[in-house]
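Below you'll find the structure, written out as structure tokens, and then a few comments.
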Amino acid sequence: MFSTLALREAISAPFKRAQLGLFGGKTKQSGNNVPFSKKKTRRTWLPNVHNQRLFSDTLQQFIRVKITARALRTVKKHGGIDHYVMNTKPELLGWEGMRIRHVLRERQTVQAAMAPGDAAATIPPPRAPVSPSQEIFS
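Rendered as structure tokens:
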């Protein structure tokens with residue numbers, strides 16, 4: 001399906017929740033709260049995660065994904081979810097990113113096979129406007 005080397009490394013990651021979305025390398029961090037009294041208290045900082053719907057130009061529909069604010073800025077910098085997923089290292093994508101990459105590559109292969117030769121053989125547009133209940137990734 002897709003390369004297992006990146007997945008093997010990701011399985012041993014201490015912050016496994018990052019594998020279920022596009023976290024862009026962000027993980028849970030830990031440190032101390034240090035008030036005026038200098039009494040240190042352990043605490044953790046979690047990534048700034050949001051549920052977003054991002055439009056895929058290749059799939060012609062929205063993809064629902066958990067994504068950090070940093071990864072969302074990187075998606076906008078790359079010009080969309082398709083370019084971000086295809087150009088990012090597998091170590092930073094995690095399981096969900098690699099799954100999206102695999103779906104995009106399959107669709108691009110189908111489009112490339114249909115494009116040369118037959119102008120009428122194109123992938124049909126969605127039957128109706130895409131609503132959140134019709135998304136491929138939920």
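Quick note: the sequence shown uses full-length UniProt numbering, first residue 1, plus one each step.
Every residue gets a Cβ at the ideal spot worked out from N, C-alpha and C, and that includes glycine.
On a predicted model such as this, the values are computed, not experimentally measured, just so you know.
Between residue i and the rest of its own chain, which residues show a CB-CB distance below 6 Å, the 5 nearest in sequence each way excluded?
i	result
asparagine 48	Thr68 and Ala69
asparagine 33	Thr41 and Arg43
Can you list, in chain order, the residues of its chain with a C-beta nearer than 7 Å to that of residue i? Leave out the 5 residues immediately preceding and following it.
i	result
leucine 92	Gly24 and Gly25
threonine 58	Asp82, Leu104, Arg107 and Gln108
threonine 74	Gly24 and Tyr84
histidine 78	Tyr84 and Asn87
valine 65	Gly21, Leu22, Gln52, Leu54, Glu96 and Phe137
Do you know offhand how far residue i's Cα is from residue j's?
i	j	result
methionine 86	serine 30	31 Å
arginine 105	proline 35	51 Å
leucine 22	threonine 41	30 Å
tryptophan 95	arginine 17	10 Å
alanine 10	glutamine 19	No answer about alanine 10 holds up, because its pLDDT of 49 lies below 50 and its placement is not dependable.
lysine 89	glycine 97	10 Å
Using three-state DSSP, classify residue i as helix, strand or coil.
i	result
lysine 89	coil
residue 205	A query on residue 205 cannot be resolved here, the shown segment of the chain reaching from 1 to 138 and no further.
threonine 58	coil
Report whether the distance from the Cβ of residue i to the nearest heavy atom of the ligand SAM is below 8 Å.
i	result
methionine 86	Only the bare structure without any ligand can be found here, which leaves the ligand SAM out of the picture.
Residue ranges of each beta strand (DSSP E) within the segment 12-53, 3 or longer
29-33 and 41-45
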